[in-house]
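From first to last, the protein sequence lines are chains A and B. For the first sequence, my numbering begins at 152 and goes up steadily by one. For the second sequence, my numbering begins at 18 and goes up steadily by one.
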Amino acid sequence: MILGLTYPTAGDIEVLGQPVGSLAARAQVGYLPETFRFHDWLTASELLHFHAGLARVPAQVRAARVCELLELVGLSDRLDDRLSTFSKGMMQRVGLAQALIGQPRLVILDEPTSALDPIGRRDVRDRIRELGQQGVTVFLNSHLLSEVEQVCDRVAIIDHGAIVAEGKLDSLLSAQEIEIRAGDGAEAAARQALGDAEVRARNGRLRVRVANDEETAILVQRIVEAGVPVYDVRQVGDSLEDLFVRVAERGDV
Amino acid sequence: MSTHLIAFFTLREALRRRVVLAAALLTFGYLVLYGVGVWFGYRDLQDTPGGPPGLTEGVINLMLVGGLWSLNFIASVLAIFLSVGALGGEVDQGTLHAIAARPVRRSEIVLGKFVGFALMLAVFIGVSASLMILIVAVITGQLVGASWSGPLLMLLAAMLLIGLALAGSSRLSPLPNGVIVFTLYSTALIGGVIEQIGDVLESAVMFNIGVFSSVLVPTRAIWDMASAQLATGGFAGELSAGPFGASNPPSGWMLLIAGLHLALALGYAVRTFNRRDF
Chain A
152 MILGLTYPTA GDIEVLGQPV GSLAARAQVG YLPETFRFHD WLTASELLHF HAGLARVPAQ
212 VRAARVCELL ELVGLSDRLD DRLSTFSKGM MQRVGLAQAL IGQPRLVILD EPTSALDPIG
272 RRDVRDRIRE LGQQGVTVFL NSHLLSEVEQ VCDRVAIIDH GAIVAEGKLD SLLSAQEIEI
332 RAGDGAEAAA RQALGDAEVR ARNGRLRVRV ANDEETAILV QRIVEAGVPV YDVRQVGDSL
392 EDLFVRVAER GDV
Chain B
18 MSTHLIAFFT LREALRRRVV LAAALLTFGY LVLYGVGVWF GYRDLQDTPG GPPGLTEGVI
78 NLMLVGGLWS LNFIASVLAI FLSVGALGGE VDQGTLHAIA ARPVRRSEIV LGKFVGFALM
138 LAVFIGVSAS LMILIVAVIT GQLVGASWSG PLLMLLAAML LIGLALAGSS RLSPLPNGVI
198 VFTLYSTALI GGVIEQIGDV LESAVMFNIG VFSSVLVPTR AIWDMASAQL ATGGFAGELS
258 AGPFGASNPP SGWMLLIAGL HLALALGYAV RTFNRRDF
C-alpha cells in the first residue's frame, strides 16, 4: 500500500507527508520486492539506468550514480553482464542498488537477504545501518529475526495481518525473565509482590517476568523481607525470537 | 511523464526477445520464397500470349496483395504474441512490481507498452512490406502498391490487436487472454469470408454476420481497406474480390469504428489496470 501497489479498502495513509500511492510519495520511496524478479534480458547497468530514469534522477548524474551503487553492492565488475547470468544473490544485490537509485527517504526492503551468504548478509546489514545514519528510514520486512534484532530501532510484529506488538526494540525486549533460586516461601512472597500471572515455579526455581531492573530489585527485596533466603538471581535473556513466539502463540507481549 | 521510457523499454525488450528474432528470420525466409514464386509466376505470365489488356498488371497486383496479406497475418500474430502477457503476465511474474512502485502512473505503463509494441510492429511492417514491394518491382519492372496508405492500414490492424491484447492483459493471465484475443481475431477473419460468400449468394443474413464481426473486431475490415488501396489497374475490382480482399471494401466509417475500438480497448486497459492490486 505504501508503494501504491495495492489499494486500501478504507481509510487514508500518508507517506512522508504525501497521500499514499501519489507520485510525490512514490518519488521518495525505494523498493526491493521479495521476489526480486527483474527483466533478465537487461544488463545490471541497463536496469539501474532504466530505474534511474523512472525515479527522475537527473540525466547528467545517472551514470555516476549507477557506478557508485554497483560498487556499493559489489557488482561493478559485472555491470555489462545480463541479469539472466546472475545468481539469486547477485540479483538481490542488484535489486538493492535499484531500490537506492533514486536517493529515497524511505526504503522498503522485503526479505533483502534471503538469497545471500553470511558475508552478503553482513554487507547488507552494514548498508542498512549506514542508510539509517544518513537519515533514511529503512522499512525492513523479514522473517530472519536475528537480523531484525541487529539492525532495527523499532519493530512491529504482524500476525494474521494485524500488528500484535510494536515499539522500540529495547523497550519490547526489556520485559525479561529472571530465575530465582531461594528458600521455601519464595513463590508466595513473589506472588504477593507481583500477582499470579507473572510467576512460575519450575524445578524448585522461580521464573518471574519483570518489566525492568527496578522491578527485579523490588522483588528480591520483598522475598528477603518475607524472611526467605535468596541464593541466586539470574537474568534469562529474551530474544526477539522468544518475543515473537510468545506473541504469536499466546498473544501477550 | 514516463511513457516514452516504458515505450523505449518495451521496444528494446521486444527486439531482444527470441520471438521477434524468429519472426524476422521466418519472414526473411518467406520473402526469399516469395521472390522465387513471383519470378516464376511472372515468367509464365510473359510466356502466355493473348489475354485481355491489363491482365499482366492485374496478376502482378494480385501477387503483391496476396504476399502482403500473409505479411499482415504474420504481423497480426506477432502483435498478439508480443502483447498478450504484457501486463497480467508481468504482474504474475513479479517483474512489474519494482517498476510500478516508481513515480509512474499505471496509465503510463499501459500506454508506454502500447507505443512500444506499435513501434515494433511499425518497423516490422515497414521493412517487410517495403522489401516485398521492392521484390515485385525488381522482378517485374513495375512499381505497384507503392503507397503509404496500405502499410499504414496494416499497422492500424496490428494496433487494434495490441489494444485488445492489452485490455485483456490488464485483467487476465497470458494464456486465457491469448485464447480470447486469437479467437476474436479469427472471428473477424471468418466473418469476412462469410460476408464475401453472403455477397455472392445474395444472402443478407450472411452478409450482416460478416458486417457485425467487422464491427466487433475491425481487423479484417481494415485489411480489406488496405487491399483496396493496394489493388490498382484495370482488374483491381475483380482481383481484389479474391481471397485476399473484399468485393465491397468498407467505407471510411470503418476508420472511425477502428479508432473508437482502439480508444475503448486502451481506455478499458488503463481503467482496469489502475484498479488492479499487485
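The beta-carbon is built from N, C-alpha and C at its ideal position, and this holds for glycine as well.
ask   = Which residues, in chain order, does the stretch 153-169 of chain A contribute to contact with chain B at a C-beta distance below 8 Å?
value = Listed by position, the residues of the stretch 153-169 of chain A near chain B (Cβ gap below 8 Å) are L154, G155, L156, T157 and Y158.
message = Strictly by DSSP, which residues pair up with P170/A?
response = Along the first sequence, one-based indexing puts residue 170/A at 19. Under the DSSP definition of a beta bridge, P170/A partners with E165/A.
inquiry  = Give me the residue from E281/A, S322/A, H202/A and V208/A with the minimum Cα distance to N363/A.
reply    = Position 212 of the first sequence, counted from the start, is the residue given in the question as residue 363/A. Selected option, being the one with the closest Cα: S322/A.
query = What residues from chain B crowd round G204/A, counting only those whose CB sits closer than 8 Å?
reply = Position 53 of the first sequence holds residue 204/A. Neighbours of G204/A on chain B, chain order: S19 and L22.
query = Which one of C303/A, A266/A and R256/A has the shortest CA to CA distance from Q285/A?
reply = Position 134 of the first sequence, counted from the start, is the residue given in the question as residue 285/A. Among C303/A, A266/A and R256/A, the Cα nearest to that of Q285/A belongs to R256/A.
task = Spell out the partners DSSP gives I153/A in its beta bridges.
result = Taking the first residue of the first sequence as position 1, residue 153/A is located at position 2. When beta bridges are read from the DSSP output, I153/A appears opposite no residue.
query = Considering only C-alpha positions, which residue in the set L394/A, L154/A and V224/A is nearest to E300/A?
reply = Here residue 300/A refers to the residue found at position 149 of the first sequence. Nearest of L394/A, L154/A and V224/A to E300/A, Cα basis: L394/A.
ask   = Can a CB atom of chain A be found closer than 7 Å to the CB of F98/B?
value = The sequence position of residue 98/B within the second sequence is 81, counting from 1. No, no contact with chain A.
ask   = Along chain B, which residues have their Cβ under 9 Å away from the Cβ of H294/A?
value = By one-based count along the first sequence, residue 294/A stands at place 143. Under the 9 Å cutoff, chain B gives no residues; its nearest Cβ is about 18 Å from H294/A.
request  = Could you have a look at G102/B and say whether DSSP puts it in helix, strand or coil?
outcome  = Position 85 of the second sequence, counted from the start, is the residue given in the question as residue 102/B. DSSP places G102/B outside both helix and strand once states are collapsed to three, so it counts as coil.
ask   = What residue does the alpha helix (DSSP H) around A316/A start on, and which one ends it?
value = Within the first sequence, numbered from 1, the residue matching residue 316/A stands at position 165. Here A316/A belongs to no alpha helix (DSSP H); instead the beta strand (DSSP E) covers A313 to K319.
key: Reduced DSSP category for Y158/A - H, G, I as helix; E, B as strand; rest coil   = Residue mapping note: residue 158/A aligns to position 7 of the first sequence, counting from 1. Secondary structure of Y158/A (DSSP, three-state): coil.
key: Close Cβ partners of L189/B (< 7 Å) along its chain, the five nearest in sequence each way excluded   = For this step, residue 189/B is matched to residue 172 along the second sequence. The residues are G105.
query = What did DSSP end up calling E185/A once you bin it into helix, strand or coil?
reply = Residue 185/A sits at position 34 when you count from the first residue of the first sequence. Annotated three-state conformation of E185/A is coil, per DSSP.
Below-7 Å beta-carbon distance, P120/B vs any chain A residue = For this step, residue 120/B is matched to residue 103 along the second sequence. At a cut-off of 7 Å between beta-carbon atoms, P120/B makes contact with chain A.
query = Taking the alpha-carbon positions, what's the G195/B to A238/B distance?
reply = Sequence index remark: in the second sequence, residue 195/B carries index 178 (1-based). Sequence index remark: in the second sequence, residue 238/B carries index 221 (1-based). When rounded, the distance between both Cα atoms is 21 Å.
task = State the Cα-Cα distance for the pair G84/B and L50/B, rounded to the nearest angstrom.
result = Numbered from 1 along the second sequence, position 67 holds the residue referred to as residue 84/B. Numbered from 1 along the second sequence, position 33 holds the residue referred to as residue 50/B. Distance between G84/B and L50/B, taken at the CA atoms: about 11 Å.
key: Cβ contact (3+ pairs, closer than 8 Å) linking the stretch 59-66 of chain B and the stretch 217-225 of chain A   = Not touching, per the Cβ criterion.
Residues of its chain near D230/A, where Cβ-Cβ distance is below 6 Å and the 5 sequence neighbours each way are ignored = What you label residue 230/A is simply residue 79 of the first sequence in a count that begins at 1. One detail in the question is off: residue 230/A reads as Leu in this sequence, not Asp. For L230/A, where only same-chain residues beyond five positions count, the Cβ hits under 6 Å are A195, S196 and L221.
ask   = In chain A, what lies closer than 8 Å to R34/B by C-beta?
value = Within the second sequence, numbered from 1, the residue matching residue 34/B stands at position 17. Under the 8 Å cutoff, chain A gives W192.
query = S186/B: which of L173/B, A154/B, V228/B and I126/B sits nearest, CA to CA?
reply = Looking up residue 186/B in the second sequence gives position 169. Comparing Cα positions, the closest option is I126/B.
ask   = From this set, V398/A, R216/A and Y182/A, which residue's C-alpha is nearest I309/A's C-alpha?
value = The residue labelled residue 309/A in the question sits at position 158 within the first sequence. For I309/A, the nearest C-alpha among the options comes from V398/A.
query = When you compare only the Cα positions, how much space is there between T186/A and L128/B?
reply = Locating residue 186/A in the first sequence gives position 35, where the first residue counts as 1. Locating residue 128/B in the second sequence gives position 111, where the first residue counts as 1. The alpha-carbon separation between T186/A and L128/B amounts to approximately 25 Å.
key: Q63/B: first and last residue of the uninterrupted alpha helix (DSSP H) it sits in   = In the second sequence, residue 63/B corresponds to position 46, counting from 1. Here the alpha helix (DSSP H) through Q63/B covers R35 to D64.
Sequence-distant residues of its chain with Cβ nearer than 6 Å to E330/A (five each side left out) = By one-based count along the first sequence, residue 330/A stands at place 179. Excluding positions up to five away in sequence, the list reads R356, R358, R385 and V387.
task = Report, in whole angstroms, the separation of the C-beta atoms of D383/A and R332/A, which I expect to be a contact under 8 Å.
result = Position 232 of the first sequence holds residue 383/A. Position 181 of the first sequence holds residue 332/A. Confirmed, about 4 Å.
task = Check the C-beta distance from R119/B over to H202/A and give it rounded, since I have them as a contact under 8 Å.
result = Residue 119/B sits at position 102 when you count from the first residue of the second sequence. Residue 202/A sits at position 51 when you count from the first residue of the first sequence. Distance from R119/B to H202/A at the Cβ level is roughly 7 Å; contact confirmed, criterion being Cβ atoms closer than 8 Å.
message = Strictly below 7 Å CB to CB, what residues from chain A border I116/B?
response = For this step, residue 116/B is matched to residue 99 along the second sequence. Going along chain A in sequence order, the residues near I116/B (Cβ under 7 Å) are L205.
query = Hey, is L247/A's beta-carbon within less than 7 Å of any beta-carbon in chain B?
reply = As a first step, residue 247/A must be located in the first sequence, where it is residue number 96. Residue-level contact check: L247/A does not touch chain B, since none of the beta carbons of chain B fall below 7 Å from its beta carbon.
Rounded distance between the beta-carbons of P266/B and S231/B, thought under 8 Å = Here the question's residue 231/B lines up with position 214 in the second sequence. Here the question's residue 266/B lines up with position 249 in the second sequence. Taking 8 Å as the upper bound for CB-CB distance, S231/B and P266/B are not in contact here, some 11 Å apart.
ask   = Just to confirm, does V196/B get its C-beta within under 6 Å of one of the non-hydrogen atoms of the ligand GTP?
value = This structure simply doesn't include the ligand GTP, nor any ligand for that matter.
task = Look at the Cβ atom of F134/B, then the Cβ atom of I179/B, and state whether they are nearer than 7 Å.
result = The count along the second sequence starts at 1 and reaches residue 134/B at position 117. The count along the second sequence starts at 1 and reaches residue 179/B at position 162. It is a contact, given that the beta carbons lie within the stated cut-off.
inquiry  = Suppose only complete runs of 4+ residues qualify. What are the alpha helix (DSSP H) ranges in the stretch 98-181 of chain B, listed by chain order?
reply    = Within the stretch 98-181 of chain B, the complete alpha helix (DSSP H) segments at least 4 residues long are 105-110, 114-117 and 123-157, listed from N- to C-terminus.
ask   = Helix, strand or coil for D310/A per DSSP?
value = What you label residue 310/A is simply residue 159 of the first sequence in a count that begins at 1. Strand.
Option nearest R188/A by Cα separation, candidates Y47/B, F229/B and V108/B = The residue labelled residue 188/A in the question sits at position 37 within the first sequence. The shortest C-alpha separation from R188/A is found at V108/B.
ask   = Which chain A residues sit within Cβ distance under 8 Å of F295/B?
value = Position 278 of the second sequence, counting from 1, holds the residue named residue 295/B. The CB of F295/B comes closer than 8 Å to the CB of L156 and T157 in chain A, given here in chain order.
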